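J.: Numbering (this note's numbering), first residue to last: 1413 to 1514.
Cβ coordinates follow ideal geometry from the N, Cα and C atoms, glycine included.
This one's a predicted model, so the numbers in the text were calculated from it and none came from an experiment.
Sharing a structure with you now.
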């Protein structure tokens, strides 16, 4: 009997390209993340979440989460727009006390 040939499995993770996600110019235009994607089309519209501390370096702003959406690609650099913000859950819980009405 003949043996079946083993198929070589391609590693999908290794085939992905890494993209630099930049914040908008009014946030300094810094690289906020390195994101893998299998194609450029998969990067469009992707939402990236980061903290204001990561952008400014000010530790007192660590509780504020910012959301950015990828709108354009230039090579391996992705440009974003600001989509919204929210406070972290632990920060909100520290502001609210149980049993208080005010």
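With DSSP as the reference, label residue 1488 as helix, strand or coil.
T.: Along the chain shown, read from residue 1 onward, the residue named residue 1488 stands at position 76. Coil.
J.: Which residues in the same chain have their Cβ closer than 6 Å to the Cβ of residue 1444, if we skip the five residues on either side of it in sequence?
T.: For the purposes of this step, residue 1444 is taken as the residue at position 32 of the chain shown. Contacts found: 1433, 1435, 1462.
J.: Could you give the C-beta distance for residue 1455 and residue 1485, rounded to a whole number, given that I count them as a contact under 8 Å?
T.: In the chain shown, residue 1455 corresponds to position 43, counting from 1. In the chain shown, residue 1485 corresponds to position 73, counting from 1. Indeed they touch by this definition, with Cβ atoms about 6 Å apart.
J.: If the criterion is Cβ atoms closer than 8 Å, does the pair residue 1418 and residue 1450 meet it?
T.: Looking up residue 1418 in the chain shown gives position 6. Looking up residue 1450 in the chain shown gives position 38. Result no, Cβ atoms of residue 1418 and residue 1450 do not sit closer than 8 Å.
J.: Determine which residues share a DSSP beta bridge with residue 1453 and list them.
T.: Within the chain shown, numbered from 1, the residue matching residue 1453 stands at position 41. Answer is none; residue 1453 lacks a bridge partner.
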